[in-house]
Amino acid sequence: MPSTKAPNAPNAEDLTELEEYVVPESFKLFKNFLVEGQKLACALGIAREAKSDTQAAFLGFFEGISRLSCVQVTCPPISQEDLKRKPWIPMCVVMVDKRIIGGAFIMDFGGLENLIQDPLEKDVSKQLKAYYTKLLSSPIDTVELQHRINERLVAAHQEKLAALLNPEDLEQAAQTVCQQLKGKTQLLQRFMLKTLTYYRLWPDDTRCPPDARSIAAEEMGRPIHQDLEVKLALPSALLNQSTPVSLKPMLRFPGGGGTTGHGQGLWPYPADFEQAEEREYAFVCNIELPLLPESDGTVIMECLQRSMVWLVDNLEAEFLLINRAWSIDWDSVSLFGGSFGGGMAMLAYLMGPPFRIREVVLRAPLLGDYFRQAGEYAGIFISQDRASKASLEVLTLLDTMPYKIPRSGSVPPNGMFGGPLFSMSRSFLKVWKAKTVEERLFNTTKCPDERTRFFIRHGSSDKHVDCEATMDAVRWMNSHWKKVYIDFEVQPGKPHVWDAYEPLSSEQRAFFGMSRK
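Taking UniProt numbering, the leading residue of the sequence shown gets 1, the next gets one more, and so forth.
Written as structure tokens, this is what we have:
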């Protein structure tokens with residue numbers, strides 16, 4: 001054991017005030033070595049107490065595992081519960097008055113960037129590295145340790161990410177707005193509601209392999225998968241149908257900037273539900289997709305494709321459990337979407353799904369980049385500087401996370417700030433990471449189905465989604481898809497998704513009446 005002491009290093013008797021080292025069961029075999037290593041770190045002049053932030057000295061890598069490092073940490077006194085929130089695996093901890101003031105920990109090497117590191121002379125650093133290299137060459141299950149430290153790191157990052165997408169100072173204002181909106185419709189009471197899971201989405205298995213999932217769930221105390229759902233709304237008048245009937249699907253995609261969105265959430269578009277009641281044998285099917293920024297555009301598009309295949313393969317069997325007289329008319333599908341959901345509806349059409357799309361209804365669709373000027377969120381002004389700084393923090397978190405836990409079906413205001421955050425900071429495409437709907441449209445060489453009819457509306461005073469982009473898309477469609485019927489109108493003076501609470505209009509009623517002839 002090296003005995004060299006740095007100037008002003010504490011004497012061994014100074015360690016008597018410390019309570020018993022607490023060592024997890026899996027490290028009991030190495031307790032003596034760990035305690036000696038702790039004393040060595042103290043003898044070499046590494047501070048045992050920190051007045052403010054966390055301090056650390058790099059001690060060495062796990063052999064063969066370059067992402068894992070062993071770190072000697074001193075910190076302000078924290079409880080054992082607080083320690084669980086740190087992305088550190090304790091090898092042993094030092095306690096005073098039942099509070100942790102430091103210890104030897106294993107962490108992801110990237111986590112060192114978040115610590116204040118004490119300067120160490122080269123010879124001191126060599127001694128520490130040599131000691132811990134020898135210690136860490138012992139038969140410890142480094143694969144499981146890597147998984148566990150990843151889970152701690154992910155949990156810590158997810159907590160920070162949630163805080164950025166749901167700022168505490170904006171929470172009350174957002175809640176107030178959402179409560180006001182929730183009371184605007186009682187329409188769903190006239191429908192039978194049913195939720196079905198179409199896919200279970202896990203983190204990227206190249207970063208979180210299947211054998212690590214149970215460890216991750218154990219460390220985080222929660223599932224790490226996300227069940228993706230479709231939410232059905234079936235007109236009550238259909239429930240007692242006794243003669244065979246073929247039901248027409250009205251597939252809808254929720255808005256919310258891609259960062260929030262619930263199939264039957266804040267922006268209900270009652271016109272769609274009224275349409276389902278007025279049309280002969282129709283029902284509403286809300287398709288929920290993974291959300292940004294935990295999932296990117298590629299994952300979202302893959303899940304969109306999965307949802308459509310699942311519907312064709314499974315929905316009719318589910319309907320037979322409700323009423324054996326029901327079947328589904330896959331030759332009479334309609335797509336609906338507003339804002340981000342409008343982009344997803346257009347994307348579904350471009351993908352050429354395994355059914356015939358008769359109508360596509362788009363309201364202020366987000367087709368290209370999502371950008372807007374600094375402005376209000378829930379009645380509070382958000383500066384460009386604030387949005388840019390928060391966006392940079394989000395992007396940094398995403399880049400340093402071992403993997404991301406997918407999210408879907410968030411009920412606003414959960415995640416709702418993400419829309420203005422990424423649009424005001426001009427960073428939407430950095431989290432989308434895929435071709436935009438507009439790019440896919442302009443690169444289309446053949447119309448997916450010339451029989452499909454489009455009903456498109458966009459307000460001229462929309463400050464959230466660029467009306468010009470919708471006009472460009474319609475011009476392109478008119479130029480390249482000459483046989484496709486497009487009912488497009490720019491609505492003078494109307495703001496973003498102004499019709500989210502409007503009843504069924506005569507023009508939409510006429511559009512559907514015409515398209516069924």
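All C-beta atoms in this analysis are idealised placements derived from N, C-alpha and C, irrespective of residue type, glycine included.
All values reported here derive from a predicted model rather than from experimental measurement.
By the neighbour-count criterion, in which a residue is buried when 16 or more other Cβ atoms sit within 10 angstroms of its Cβ, V230 is buried.
Nearest C-alpha to P412 among W498, F371, Q264: Q264. Of the residues G103, T197, L362, the one whose Cα lies closest to the Cα of V309 is T197. In the structure shown, W267 falls within a coil segment according to DSSP collapsed to helix, strand and coil.
The DSSP-derived three-state label of C303 is helix. The straight-line gap separating the alpha-carbon atoms of E294 and A163 is approximately 14 Å. L347: member of the alpha helix (DSSP H) spanning 340 to 350, first to last residue. Nearest neighbour of I224 by Cα position, chosen from M346, P209, V96, L234, turns out to be P209. A distance below 9 Å separates the beta carbons of P270 and Y501. Three or more Cβ pairs closer than 8 Å define a contact, and the segment 349 to 369 falls short of that threshold against the segment 150 to 169.
DSSP, reduced to helix, strand and coil, places W432 within a helical segment of the structure shown. Around the CB of P87, 16 or more other CB atoms lie within 10 Å, so the residue is classed as buried.
Contact check for L238 against N314 fails: the beta carbons are separated by 9 Å or more.
F511 sits buried, since 16 or more C-beta atoms from the chains shown fall within 10 Å of its C-beta.
By the criterion of a C-beta distance shorter than 6 Å, F454 is surrounded in its chain by V360, I486, once the five residues flanking it on both sides are discounted. In this chain, H496 is not harboured by any beta strand (DSSP E), its DSSP state being neither H nor E. Beyond the five residues adjoining it in sequence on each side, L441 comes within less than 8 Å, by CB distance, of M346, L350, L367, A473, W476, M477 in the same chain, given in chain order.
Sequence-distant partners of M220 (beyond 5 residues in either direction) whose C-beta falls short of 7 Å from its own C-beta, in its chain, are E151, A155. Within 10 angstroms of the beta-carbon of G255 lie 16 or more other beta-carbons, which makes it buried. Partner residues in the beta bridge of C285, as assigned by DSSP, are L232, L251. In the DSSP assignment, W476 falls within the unbroken alpha helix (DSSP H) covering 467 to 480. Boundaries of the alpha helix (DSSP H) around M424: 418 to 424.
Going by C-alpha positions, L201 is about 44 Å away from D97. Under DSSP, T243 shares a beta bridge with no residue. According to the DSSP assignment, F455 belongs to the beta strand (DSSP E) that extends over 453 to 459. Residue range 191 to 201 is occupied by the beta strand (DSSP E) that includes L196. A contact between stretches requires three or more CB pairs, one per stretch, nearer than 8 Å, and the segment 300 to 308 fails this requirement with the segment 378 to 395.
The continuous beta strand (DSSP E) containing E359 extends over residues 357 to 363. Look at Q226 here: in three-state DSSP terms it is strand.
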